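Engineer: Chains as they are written, first to last, in the numbering used here: chain D, 1 to 313; chain E, 314 to 626; chain V, 627 to 939; chain S, 940 to 1252.
Where is the CB? At the ideal position from N, CA and C, for every residue including glycine.
From a predicted model like this one, the values you see are computed outputs, not experimental measurements.
This is how it looks when you write it as structure tokens:
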């Protein structure tokens, strides 16, 4: 099989890319993300047609937020959206004349990094994607671990804190509430409110108020040494690393990959994650350690990953 | 391959059993557990020779507490004992003239239940063993998931409570401290101390003091309706079920199996575990549910499991 | 001094009552609560004038939500409203020709119960008011404990769960998030979502959905034995009682008084609170226990309390 | 009244001092602490006789660990010892011919600092004593707040972490387990085990193993910049400050005093405590802040405090 299309459904735009078997993106088309599920499906159709205008493609893979069923056809549930039992595969196939595979977006990104990114050479990899939320993907023996019902590796919703923060999924204390881009912004705002004297750089990058602090300000302020920004990254890293230590107790992979927007910060966030990971790893002195690697493909991981999964059929 | 021996290293006795390929135990030999690692190795040799006196056996499997390496040869670390990098396979092979396979005891029990017990017919199973501590085993696609370094499925030491109870592994808040036989005894003693008026039945079964309460008393008292005993099982079940919900988010198995001494209580403890599991399962209404099954093989699961793993070589 | 007016600022209405020195309310006037602070102040003026039309009154006491300063003049901060350094006393005195005393509303209710309600005969009383939120008041040696800066006894915002639920005050894990009317509704909705089969009675009282569950439904359903409703009250009681045990370690009062809307349920909620309190009381067997009493004055406690505080000047 | 004796019962020695009304110690006598309660009582008698040989004294005050009753006569309960309803006053008065007053040792230290130390000039003070454990004392309006039953201000046993660390009192998650000298040693040992590369200085001061780390090593290593030692103090400070913020919500004092062995480190530990306190103080921007002061009297606070309380009768 030759070229396939990978579709990435983002919060603001939907991107479809023609990808070859080496993971190279030959062409990309983007459209704004409509607010409704039906609108999204139409937009996917448009983006796919657009991207494939000049290429012959054999299949389409779609990385979708939420829980995808074992037939890779239906989005069962999205913790932070209102999609429920959305038959995405059928509806998209009605709009385009190509076989469609649906995959959870974090699974897709994990597969992309495993196949074409930093995971190359490993057989057992656990990947976490720290974006607005926290997603995960697991490769065991060179195969994507989808679980019996298709919904494995939903790391964002394991409980880190009993009676903890409310989560979009309805539970409390989910990992996503403590190790995600949203959590990072919360940490920075809380600290800027409590100790504005340590947040001068950070506050100066926004509108001057804690409420005006956004993710990009925190990254920039951390690079400039702002204590509140640095401390906010450390707090995120503390929770991320502790969770990785749990994942080592569960999956025991050969390597961890940390992707998502937060991984763009590189060692600024990776080093404290590694430190926290070692801090909590059970029997740390007596066992081999999995490496904690930064993802390489950035925002393209999901697109190339899901295109490859579609290629495999 | 025909008969193999499964060895179970318990806190008080070491049992070796000759097991056929259907998981039937033909002969068992037991010796008391010596206090040192070297003594244990000698005792294993004795028990194996004893059990195999009248049978021709092809291999020996040993279920050991702790972290076993990827070569299934060395116990790297035992959270609650002092074993560190103990070359169990080599040392036992020097004493008996048979190939030896070492496996984590909870992995062995999981395999036993999967192959010969309640897990028959499933391909993806997660098993927890609630004994004095809490162990786990995972079967994915009909294969035991050992992890890259051999130490997967160490469920007892995932963190359930940040800054929680001290654990023998050195960390705090490990699941084992909240969902195990030891935890059950602690729950009962704390409640009997705080509200002795609700613990009359329980206290009457021991020496009359909270400190005298043991596991067997709690089971008996719960069957007689003692409020403190029933409530202690519920507390254990609350934590066990919440952990199963996390495991569903991680592994997404087709079935859970709950084994170990606590599972002998049957629905007394299984029903509240199931209830707590449903309570915390993310997206509970929108996804297929894995069943939560009681183990069938009791204390024999580890022996027949590890004998079968040795048979497979 | 003879008659004074007590003013109660509620979420939907402002009530002013003429109260005599025995705590008897002679006349009440109510007006709807305006949305802005200035509107509230005007409305207080109207209500006071209305209530005092036929009585000669000497002073006005106002029970206000939030932190009141040591001069009993200014509302410094309201965790769940936007008032900041609101000079309530001055502004109201400009509208009516009477001396005004401002007091935190939960302090006012505590004083009312101490002086005219169930606290009569005690000298050292700690009162918690479980309404939409959780407020507190402390009487030591027969005097209201206001603290050095006027902001003592803000029980709702002590931290019960590190990294816990977000609170209107900006912190996380505040007691108010676990032991309040709002928490009760959250408990019931979560449980009705996870186990609808146990919530039939509760769901039948509302619109059939978990989101439609309100406080009054939970009370009614609990009285009819609905498992989810009963369990929700127990969860609230678990947290309320654990907090009272902490307050015993801190203040060591002769009696606790539990007031607010939740206390209207009587022993349905008081008994599990008492049980949880005993469960967590340090050294429970070796020390005298403060009684846990249900408030007697219902929604009038604040009005008669603050009227009495105004009488004392 | 002129001179009185203050007795301090420590873990290794009992000290009796003759103290004048200005808090000056004129004479001290010490004896080793016997293991039994009766032995302690005899030893107190000896120390008092010894100290008073050349002075005329009017009364004796004894600072005792644990819960002291409202008659200041009996130790009801000691969380970390086996004393239960020990009639200390009567037994000591039988041995010496002087009136005896018993006071909780942390209350005594609080009174000492209030009257003769850093608390001078304040009327409302909350004192925490961070030694091996964590004790507290409260002065309200210039009077020691003993509570209705004598057992107020037992700060060490308020619950900071639900389901947290086991405490000598029988409960879990007590503040004492997170903000005390014992906690500091635990923090340092855990960190030295997990990241020995950051503990070189600390480990070099002891026997080279994490288990050999003691409190004095941590102080010294922190002064020399050892990352693990500094981080251990920060962790202690994080919990101490969060607890002070709770105490501000409860008592609203004019000043906090931090005493006990840990306060000997001065700003090394006080500054991070202050930072954590501000971080968690509810409505921090809108209210007056109590100062957080370091105790001045060191180990003498309890002796001069209890001598003064005995003087007042």
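#1: Count Cβ pairs between the stretch 775 to 788 of chain V and the stretch 1177 to 1193 of chain S that sit closer than 8 angstroms; are there 3 or more?
#2: Residue 65 (chain D) touches chain E at which residues, Cβ-Cβ below 7 angstroms?
#3: Taking the alpha-carbon of residue 958 (chain V) as reference, which of V:706, V:831, V:674 has the nearest alpha-carbon?
#4: Report, in whole angstroms, the separation of the C-beta atoms of residue 162 (chain D) and residue 1101 (chain S), which I expect to be a contact under 8 angstroms.
#5: Are the Cβ atoms of residue 1200 (chain S) and residue 1072 (chain S) separated by less than 7 angstroms?
#6: Report the residues of the stretch 765 to 795 of chain V with a CB closer than 7 angstroms to any CB of chain D, ordered along the chain.
#7: Are the C-beta of residue 592 (chain E) and some C-beta of chain D separated by less than 7 angstroms?
#8: Would you kindly work out how many angstroms separate the C-alpha atoms of residue 1088 (chain S) and residue 1156 (chain S), rounded to a whole number?
#9: Hey, does residue 507 (chain E) have any beta-carbon neighbour from chain V nearer than 7 angstroms?
#10: Just mark residue 803 (chain V) as buried or exposed, buried being the case when its beta carbon has 16 or more other beta carbons within 10 Å.
#11: Give the residues from the stretch 233 to 249 of chain D that approach chain S closer than 9 angstroms (Cβ to any Cβ), ordered along the chain.
#12: Please say whether residue 657 (chain V) and residue 668 (chain V) have beta carbons closer to each other than 7 angstroms?
#13: Can you name the start and end residues of the alpha helix (DSSP H) that residue 1075 (chain S) belongs to?
#14: Quick one: Cα of residue 867 (chain V) to Cα of residue 564 (chain E), how far?
#15: Quick one: what's residue 472 (chain E) bridged to in DSSP?
#16: Is there a C-beta anywhere in chain V that falls below 7 angstroms from the one on residue 1016 (chain S)?
#17: Using 7 angstroms as the limit for Cβ to Cβ distance, is residue 1215 (chain S) near chain D?
#18: Could you tell me which of D:212, D:2, D:224, D:11 sits nearest to residue 36 (chain D), measuring between CA atoms?
#19: Taking C-beta pairs closer than 8 angstroms, name the residues in chain D that residue 484 (chain E) reaches, listed in chain order.
#20: Using C-beta distances below 6 angstroms, list every residue in its chain close to residue 966 (chain S), excluding the 5 sequence neighbours before and after it, in chain order.
#21: What three-state label does DSSP hand residue 386 (chain E) in the structure shown?
#22: Can you grab the Cα-Cα spacing for the pair residue 1130 (chain S) / residue 288 (chain D), in whole Å?
#23: Report the partner residues of residue 769 (chain V) according to the DSSP bridge assignment.
#24: Please look up how many angstroms separate the CB atoms of residue 1035 (chain S) and residue 999 (chain S), rounded, as I've assumed it's under 8 angstroms.
#25: So residue 1079 (chain S) and residue 766 (chain V) are supposed to be a Cβ contact under 8 angstroms. How far apart are they, rounded?
#26: Closer than 7 angstroms by C-beta to residue 518 (chain E): which residues in its own chain qualify, once you throw out the five before and the five after it? Chain order, please.
#27: Label residue 947 (chain S) either buried or exposed according to how many other C-beta atoms from any shown protein chain fall within 10 Å of its C-beta, with 16 as the threshold for buried.
#28: Are there three or more Cβ pairs, one per stretch, closer than 8 angstroms when the stretch 115 to 128 of chain D is compared with the stretch 296 to 309 of chain D?
#29: What do you get for residue 143 (chain D), buried or exposed, if any count of 16 or more other CB atoms within 10 angstroms of its CB means buried?
#30: If I'm right that residue 916 (chain V) touches residue 863 (chain V) with Cβ under 8 angstroms, what's the distance once you round it to whole angstroms?
#31: Could you tell me whether the stretch 274 to 288 of chain D touches the stretch 381 to 390 of chain E, where touching means 3 or more Cβ pairs closer than 8 angstroms?
#32: What first and last residue would you give for the beta strand (DSSP E) that runs through residue 932 (chain V)?
#33: Residues of the stretch 1016 to 1035 of chain S in Cβ contact with chain V at a cutoff of 8 angstroms, in chain order, please.
#34: Scan the stretch 204 to 235 of chain D for residues whose Cβ lies nearer than 7 angstroms to a Cβ of chain E and list them as they occur along the chain.
#35: If you measure from the beta carbon of residue 1191 (chain S) to each beta carbon in chain V, is any gap under 7 angstroms?
#36: Mind reading off the beta-carbon distance from residue 903 (chain V) to residue 861 (chain V)? Whole number of angstroms is fine, and I expect it under 8 angstroms.
Structural biologist: By the coordinates alone:
#1: Segments in contact, yes.
#2: Chain order gives no chain E residues near residue 65 (chain D), where near means a beta carbon separation below 7 angstroms; the closest approach is about 13 angstroms.
#3: Past the boundaries of the shown model lies residue 958 (chain V); chain V is included only from 627 to 939, so the question cannot be answered.
#4: That belief holds up - the Cβ atoms of residue 162 (chain D) and residue 1101 (chain S) are roughly 7 angstroms apart, short of 8 angstroms.
#5: Cβ atoms of residue 1200 (chain S) and residue 1072 (chain S): not closer than 7 angstroms.
#6: Answer set for the stretch 765 to 795 of chain V: 787, 789, 790, 791, 792.
#7: Taking 7 angstroms as the CB threshold, residue 592 (chain E) stays off the interface with chain D.
#8: Separation of residue 1088 (chain S) and residue 1156 (chain S) (C-alpha to C-alpha, rounded to the nearest whole angstrom) is 40 angstroms.
#9: Nearest CB-CB separation between residue 507 (chain E) and chain V: below the 7 angstroms threshold.
#10: The residue in question, residue 803 (chain V), is buried, as its Cβ has 16 or more Cβ neighbours within 10 Å.
#11: Identification of residues in the stretch 233 to 249 of chain D having a C-beta nearer than 9 angstroms to some C-beta of chain S yields an empty set.
#12: Between residue 668 (chain V) and residue 657 (chain V), the C-beta gap is not smaller than 7 angstroms, which leaves the two residues out of contact.
#13: For residue 1075 (chain S), there is no enclosing alpha helix (DSSP H); the enclosing beta strand (DSSP E) covers residues 1073 to 1079.
#14: Near 37 angstroms, if we compare the C-alpha coordinates of residue 564 (chain E) and residue 867 (chain V).
#15: In the DSSP assignment, residue 472 (chain E) forms a beta bridge with E:487.
#16: Taking Cβ atoms only, chain V reaches closer than 7 angstroms to residue 1016 (chain S), which makes this a yes.
#17: Look at residue 1215 (chain S): its C-beta is not under 7 angstroms from any C-beta on chain D.
#18: Of the candidates D:212, D:2, D:224, D:11, the residue whose Cα lies closest to the Cα of residue 36 (chain D) is D:11.
#19: Within chain D, the residues near residue 484 (chain E) are 280, 282.
#20: So the qualifying residues of the chain are 957, 990.
#21: Look at residue 386 (chain E) here: in three-state DSSP terms it is coil, with no helix or strand label.
#22: Taking the Cα positions, residue 1130 (chain S) is about 19 angstroms away from residue 288 (chain D).
#23: In the DSSP output, where bridge partners are listed per residue, residue 769 (chain V) has V:766.
#24: Between residue 999 (chain S) and residue 1035 (chain S) the Cβ distance is about 7 angstroms, and since that is below 8 angstroms, they are a contact.
#25: That belief holds up - the Cβ atoms of residue 1079 (chain S) and residue 766 (chain V) are roughly 6 angstroms apart, short of 8 angstroms.
#26: The answer, listed in chain order, is 530, 533, 534.
#27: Burial call: buried.
#28: In short, these stretches touch, since the Cβ pair count reaches three.
#29: Looking at its Cβ environment, which holds fewer than 16 other Cβ atoms inside 10 Å, residue 143 (chain D) is exposed.
#30: In this structure residue 916 (chain V) is not in contact with residue 863 (chain V), their Cβ atoms being roughly 17 angstroms apart against a cut-off of 8 angstroms.
#31: Touching, yes.
#32: Where residue 932 (chain V) is concerned, there is no enclosing beta strand (DSSP E), although the alpha helix (DSSP H) it sits in stretches over 927 to 938.
#33: Cβ contacts with chain V: 1016, 1018, 1023, 1024.
#34: Flagged: no residues at all.
#35: Taking Cβ atoms only, chain V reaches closer than 7 angstroms to residue 1191 (chain S), which makes this a yes.
#36: Not confirmed; about 15 angstroms, so no contact.
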